[in-house]
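Enquirer: For reference, the structure I am asking about is given below.
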Amino acid sequence: MEDRLFRDPLIERRHQQCQQEGLWERLSIAQKFSASSLIKYGYKLMCIRHAAHTSLAIMLLDEKITTISSDGEIDTSPDIQLR
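Here my numbering is used: the first residue of the sequence shown is 7, the next is one more, and so on.
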């Protein structure tokens with residue numbers, strides 16, 4: 007029973023990496039450029055919100071939320087909450 011509760015950290019890391027790669031592929035070129043500059047500071051791509059004909063990339067550093075619009079504009083103080 008204990009074996010079922012134990013999760014291999016390597017497998018967990020791979021799963022998370024695959025999810026991040028999937029998100030990265032869905033970013034626009036402009037978002038990729040902006041996101042790569044934020045990644046250098048330790049930000050992580052958390053999710054992408056789609057609405058109408060635009061998307062909003064959500065990045066997180068500790069508990070600080072930053073967004074990137076589809077045209078690559080970075081907003082370090084967005085009016086947004088994550089659940």
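The C-beta atom is built at its ideal place from N, Cα and C for all residues, glycine as well.
Just to check my reading of the structure: A41 and A63 have Cβ atoms closer than 8 Å, yes? What is that Cβ distance to the nearest angstrom?
Expert: 6 Å
Enquirer: Leaving out five residues on either side along the sequence, give the residues of the same chain with a beta carbon under 7 Å from the beta carbon of D77.
Expert: A36
Enquirer: Assuming L44 contacts L29 under a Cβ cut-off of 8 Å, what Cβ separation, rounded to an integer in Å, is found between them?
Expert: No, L44 and L29 are not in contact; Cβ-Cβ is about 14 Å, not under 8 Å.
Enquirer: Kindly give me the distance between the Cβ atoms of M65 and I74, rounded to whole angstroms, as I take these residues to be in contact under 8 Å.
Expert: Indeed, because the Cβ distance is near 7 Å, the residues count as touching under 8 Å.
Enquirer: Looking at G48 and L33, is the spacing between their C-beta atoms short of 8 Å?
Expert: No, Cβ-Cβ distance for L33 and G48 is not below 8 Å.
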